[in-house]
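Asks: Chains as they are written, first to last, in the UniProt record's numbering: chain A, 1 to 304; chain B, 1 to 522.
Have a look at the structure that comes next, please.
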Amino acid sequence: MRTTRVPATRPSLVSRRSLSRRPSAGRWFSEIGWRHLVGVLAVAYAGFPLVYVVSASLADGGTLTGSNDLFASVSGANYAALGGTRFWTWMGNTLVVAVATGVGTVLMGAAAAYAFSRFRFSGRRMGLTALLVIQMFPQMLAFVAIFLLLISLGNVVPGLGLDSKLSLICVYLGGALGVNTFLMYGFFNTVPREIDEAAKIDGASHAQIYWTIVLRLTAPILAVVGLLSFISTFGEFIIARVLLQSEESWTLAVGLYGWVSSLQEANWGLFTAGAVVSAVPVLALFLFLQKYIVGGLTAGSVKG
Amino acid sequence: MSLPATRGSGRTGWSPGFLVKLVLIALVDALGVYAVLAAWGAESWGILAAMVALLLVANWAYFSKRALPLKYILPGLAFLLVYQVYVVAYTGYVAFTNYGDGHNSTKEQAVEALLVQNERRVEGSPSSPLTVVADGDTLGFAIVSPEGVVEAGTAERPLAAVDGAAVEAGRVTGLPGYEVLEYAEVLERQQEVTDLRVPVSEDPNDGSIRTQDARTGYVFTSTLTYDPVSDAMINTTTGVTYTANDDGQFEAADGTTLPVGWRVLVGLDNFVTAFGDDRYAGPFGKILVWTFAFAAVSVASTFLLGLFLAIAFNDARLRGRRVYRTLVILPYAIPGFLAALLWSGLLNRSYGFVNEVLLGGAQIPWLTDPVLAKLAVLGVNLWLGFPYMFLICTGALQSLPTDVLEAAKIDGAGRWRTWRSITLPLLLVATAPLLISSFAFNFNNFTLIYMLTGGGPRFDDASVPLGHTDILISMVYSVSGLDGTAAKDYGLASALSIVIFVVVATISALAFRRTRSLEEIA
Chain A
1 MRTTRVPATR PSLVSRRSLS RRPSAGRWFS EIGWRHLVGV LAVAYAGFPL
51 VYVVSASLAD GGTLTGSNDL FASVSGANYA ALGGTRFWTW MGNTLVVAVA
101 TGVGTVLMGA AAAYAFSRFR FSGRRMGLTA LLVIQMFPQM LAFVAIFLLL
151 ISLGNVVPGL GLDSKLSLIC VYLGGALGVN TFLMYGFFNT VPREIDEAAK
201 IDGASHAQIY WTIVLRLTAP ILAVVGLLSF ISTFGEFIIA RVLLQSEESW
251 TLAVGLYGWV SSLQEANWGL FTAGAVVSAV PVLALFLFLQ KYIVGGLTAG
301 SVKG
Chain B
1 MSLPATRGSG RTGWSPGFLV KLVLIALVDA LGVYAVLAAW GAESWGILAA
51 MVALLLVANW AYFSKRALPL KYILPGLAFL LVYQVYVVAY TGYVAFTNYG
101 DGHNSTKEQA VEALLVQNER RVEGSPSSPL TVVADGDTLG FAIVSPEGVV
151 EAGTAERPLA AVDGAAVEAG RVTGLPGYEV LEYAEVLERQ QEVTDLRVPV
201 SEDPNDGSIR TQDARTGYVF TSTLTYDPVS DAMINTTTGV TYTANDDGQF
251 EAADGTTLPV GWRVLVGLDN FVTAFGDDRY AGPFGKILVW TFAFAAVSVA
301 STFLLGLFLA IAFNDARLRG RRVYRTLVIL PYAIPGFLAA LLWSGLLNRS
351 YGFVNEVLLG GAQIPWLTDP VLAKLAVLGV NLWLGFPYMF LICTGALQSL
401 PTDVLEAAKI DGAGRWRTWR SITLPLLLVA TAPLLISSFA FNFNNFTLIY
451 MLTGGGPRFD DASVPLGHTD ILISMVYSVS GLDGTAAKDY GLASALSIVI
501 FVVVATISAL AFRRTRSLEE IA
């Protein structure tokens, strides 16, 4: 279909081209045209659920059945109805937890990567190997033990027990070193040591070198790590589900799951509106920082 | 994190960095000391020891001049040790115990719970005039004993004689250190008052004081008594003796057990249950196979589609390829839990968009038929995962060395030949580590399974709540009982976690080895 549309809209250009550079429509299709066909199909496949969710969130019925005619009605009723639920509390909780985890992960991961990259100390190699081994055990597998640990901690310091955002952040930060230190370590090694040495000769302390030189030069990888940590915390479900017990402290993942699992048919409008609202921050961040993310992903692959 | 003091530059004075460090360390120490005291109060010796150790190391690291690397590693290391290393080790320990419903606590706590649960009012036991008192928010009882002594206590503090009480008409009306509750207040907290039990003494065998009307207290004693010498519970009304057995329960000669047990090491029992017990072995086998199939097919399908799209869009002559690329990666930017929940609605049998609109009103049971549910899970995961593969394949394709491709052209290799012998091997070298981590990720893709199908449809023959699309990690979740649908069994759940870990670690280790050999070839 793409092949017929192109000549229709730009007749002069295409006819001139077909005369000069492109021998036949068949050849054009085998080289470029099929790519458009694939592109349109892929975009339709990737996009139709997203179009659907936006349409459903704007439908005024708010039920699953009432959402099937795309854009049959457009109203903000579902969005307004979010105000009558705990949605915004969950949104706040999620943002607090995800931002704190992202920032904490960057600070702690970068500090450790700096030490491994710049200092030579006994146990350095072993430390790196240990990190590599530890990060193979996904933290979520230990959710039973985390649950039991927090019961004991909660008996001592209530803020670190179950049902607390602070303890959830602490648990997430437990995974900060394992996953990210390697990514950063590789990147830190690419910053020439000569820069540090020059600064040291000029009288800078190691702390000054770290805060004012190394962190500035490694900003792109810090952004990637912070962002990836933010996104994965934003969507983390199993640990949040086990630890957060009262509705006021739920995160979006736990809360929206509750809506859909309990009464999918009736809550559908609320859920779709909530989904659109909660996807926006992540989507925006992602599209803005796309380049960095892709770079970070492939950097991780090279380091293995 | 703190700013360590300047070092090596000759300045040892009170620089701003040093002050910041001092404030931060003071803060950490204050919180740490608070936690240590709280742990002392709660008698949590393990936490106490860990806190003291962490505090000592922190102070040493930030004030010593010889601990430079530790200054930078310690903050992350502390979290890593507590919330990752410790919990992993603890998972390993729990896997060898029978921790779970019925075996929740230590033996002392189990004995106490049994004695308390079996307390009955002893027929003809003396009654004492009782007054409800409060110490702050904590309720307590004050009684005048048959000997005329005033005694008071709370749930935590056993009865003890109190001097200087005001007694009118044989009833306490004022008590130093306590506040006597007004009748209205007692009514307000009626439930608390009738639930309250004040132990007669430190020995749980002595029973406790309870009241129904807030005016008369009766001594309740347990129908069980605990004999520490023979390590047995004796039922005083029936005379049956229950002796402690190796499974962490009190067991009578006829095999009946008391309901509250304690946790004990059970060796490999949990693993034997997983692989050999009738209730678990069948589902476990099916789930294990499905987990492998799910993870492998997910990686393969997303990789192939992503690679195909990457090739399709990897042509500079293609107009609008930036637009295509941006739109195609949108599913990757949507948080996974939202996508899974959204698809569970789209695939709904009666009202879902896929059945209603795309298939013209069909009633296909996408999420409730065993085979279709598996296909649905794979299909949704394809939608979720192909943009990621598309991204990394695009990156890898664009960083292919052009000189090698040119050399191939000069040597007369055709398109297919170049693709098979050069592009694909180079691409695999670049993406293999990511394919492995993708496999490991999908192996534990709890969110997708739990939100899309909840593991269902359920196995017909299983007594445990497991289903056809459950993967190992969601099986662990069901078995652990933390969602409240089944009896809690932390021991078995931890044992299954260990199994998953062994599988994932083995595959990662093998695969990383293999990729290293791939790299050498390249």
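For every residue, glycine included, the Cβ atom is placed at its ideal position computed from N, Cα and C.
Express the C-alpha separation of I134(A) and A505(B) in angstroms, rounding to a whole number.
Replies: Between A505(B) and I134(A), the C-alpha separation is close to 10 Å.
Asks: According to DSSP, is E202(B) part of a helix, a strand, or is it coil?
Replies: Looking at E202(B) - three-state DSSP - the assignment turns out to be coil, as it is neither helix nor strand.
Asks: Could you check whether the stretch 107-125 of chain A touches the stretch 488-500 of chain B, counting it as contact only if at least three pairs of C-beta atoms, one from each stretch, sit closer than 8 Å?
Replies: The answer is no - the stretch 488-500 of chain B does not touch the stretch 107-125 of chain A, with fewer than three Cβ pairs under 8 Å.
Asks: Could I get the ranges of all uninterrupted alpha helix (DSSP H) runs contained in the stretch 67-134 of chain B, with 4 residues as the minimum, in chain order?
Replies: The qualifying runs are 68-80, 87-94, 107-117.
Asks: When the Cα atoms are used, what is the spatial distance from A223(A) to Y292(A)?
Replies: Straight-line Cα distance between these residues: approximately 8 Å.
Asks: Give the single residue among N104(B), Q84(B), L472(B) whose Cα lies nearest to the Cα of T291(B).
Replies: Out of N104(B), Q84(B), L472(B), L472(B) has the C-alpha closest to the C-alpha of T291(B).
Asks: At the level of alpha carbons, what is the spacing between P331(B) and A46(A)?
Replies: Roughly 6 Å between the two C-alpha positions.
Asks: Looking at the secondary structure, which residues open and close the alpha helix (DSSP H) in which L252(A) lies?
Replies: Where L252(A) is concerned, the enclosing alpha helix (DSSP H) stretches over 252-262.
Asks: Does the beta-carbon of K165(A) have 16 or more other beta-carbons within 10 angstroms, so that it is buried, or is it exposed?
Replies: The residue in question, K165(A), is buried, as its Cβ has 16 or more Cβ neighbours within 10 Å.
Asks: Give a yes or no on whether 7 Å exceeds the smallest Cβ distance from A493(B) to chain C.
Replies: The displayed structure is made up of protein chains A and B, and chain C is not among them.
Asks: Taking C-alpha atoms, which residue in G467(B), L268(B), N245(B) lies nearest to T257(B)?
Replies: Looking at the Cα atoms, N245(B) is the closest of the given residues.
Asks: Does DSSP put F271(B) in a helix, in a strand, or in coil?
Replies: F271(B) falls in the helix class under three-state DSSP.
Asks: Would you decide whether I73(B) is buried or exposed? Buried here means 16 or more other CB atoms lie within 10 Å of its CB.
Replies: The residue is buried, with at least 16 neighbouring Cβ atoms inside 10 Å.
Asks: Examine the Cβ distances between the stretch 231-247 of chain A and the stretch 167-174 of chain A and report whether three or more of them are shorter than 8 Å.
Replies: Yes, since at least three Cβ pairs between the stretch 231-247 of chain A and the stretch 167-174 of chain A fall closer than 8 Å, the two stretches touch.
Asks: Keeping to the same chain, check which residues put their C-beta closer than 6 Å to that of V503(B); ignore five residues upstream and five downstream.
Replies: Correct list: empty, nothing qualifies.
Asks: Any idea what DSSP makes of E197(A), helix, strand or coil?
Replies: If DSSP states are grouped into helix, strand and coil, E197(A) belongs with the helices.
Asks: For the beta strand (DSSP E) containing L224(B), name the first residue and the last one.
Replies: 224-227 is the extent of the beta strand (DSSP E) around L224(B).
Asks: Determine the chain B residues that contact N155(A) at a beta-carbon separation under 8 Å, and present them in chain order.
Replies: Those within 8 Å of N155(A) in chain B are A42, S44.
Asks: Opposite W262(B) in the DSSP bridges: which residues?
Replies: Bridge partners of W262(B): S105(B).
Asks: Work out the CA separation of D163(B) and G175(A) for me, nearest whole Å.
Replies: Each residue's Cα considered, the two are about 56 Å apart.
Asks: If you compare alpha carbons, which of A42(A), A142(A), S30(A) is closest to L307(B)?
Replies: Minimum Cα distance to L307(B) is reached at A42(A).
Asks: Comparing the C-beta of S201(B) with each C-beta of chain A, is any distance below 7 Å?
Replies: Not closer than 7 Å to any Cβ of chain A, the Cβ of S201(B) fails to qualify, so no.
Asks: S208(B) by DSSP, collapsed to three states: which one?
Replies: Reduced to three states, the DSSP call for S208(B) is strand.
Asks: Whose C-alpha, out of G248(B), Y324(B), V328(B), A110(B), is nearest the C-alpha of L224(B)?
Replies: Taking only the C-alpha atoms, the option nearest L224(B) is A110(B).
Asks: Given a cut-off of 7 Å on the beta-carbon distance, is the pair V200(B) and G170(B) in contact?
Replies: Their beta carbons are not under 7 Å apart, which means V200(B) does not touch G170(B) by this criterion.
Asks: Can you find a C-beta in chain B that's less than 7 Å from the C-beta of R35(A)?
Replies: For R35(A), the answer is yes, since a Cβ of chain B falls inside 7 Å of its Cβ.
Asks: What residue from V144(A), S232(A), L228(A), L252(A) has the CA that sits closest to A95(B)'s CA?
Replies: That would be V144(A), whose Cα lies nearest to the Cα of A95(B).
Asks: Less than 6 Å between C-beta atoms, sequence neighbours within five positions excluded: which residues of the same chain meet that for G226(A)?
Replies: Within the same chain, G226(A) has close Cβ partners G102, V106.
Asks: Using 7 Å as the threshold, is the C-beta distance between V157(A) and A38(B) below it?
Replies: Against a cut-off of 7 Å, the Cβ pair of A38(B) and V157(A) comes out as a contact.
Asks: Are L342(B) and V354(B) close, meaning C-beta to C-beta below 7 Å?
Replies: Cβ atoms of L342(B) and V354(B): not closer than 7 Å.
Asks: G274(A) and F71(A): beta carbons closer than 7 Å?
Replies: No, Cβ-Cβ distance for G274(A) and F71(A) is not below 7 Å.
Asks: How about A266(A) and M184(A): are their beta carbons less than 7 Å apart?
Replies: No.
Asks: Using 10 angstroms around the beta-carbon of Q139(A), count the other beta-carbons present and answer buried if the total reaches 16, otherwise exposed.
Replies: Q139(A) is buried by the Cβ-count criterion.
Asks: In angstroms, rounded to a whole number, what distance separates the CA positions of A165(B) and P176(B)?
Replies: Rounded to whole angstroms, A165(B) to P176(B) spans 7 Å at the Cα level.
Asks: So is W90(A) buried or exposed if we call it buried at 16+ other beta carbons inside 10 Å?
Replies: With 16 or more other Cβ atoms within 10 Å, it is buried.
Asks: Just checking my contact of G92(B) with I498(B) at CB under 8 Å: how many whole Å lie between their CB atoms?
Replies: About 6 Å; that satisfies the 8 Å criterion.
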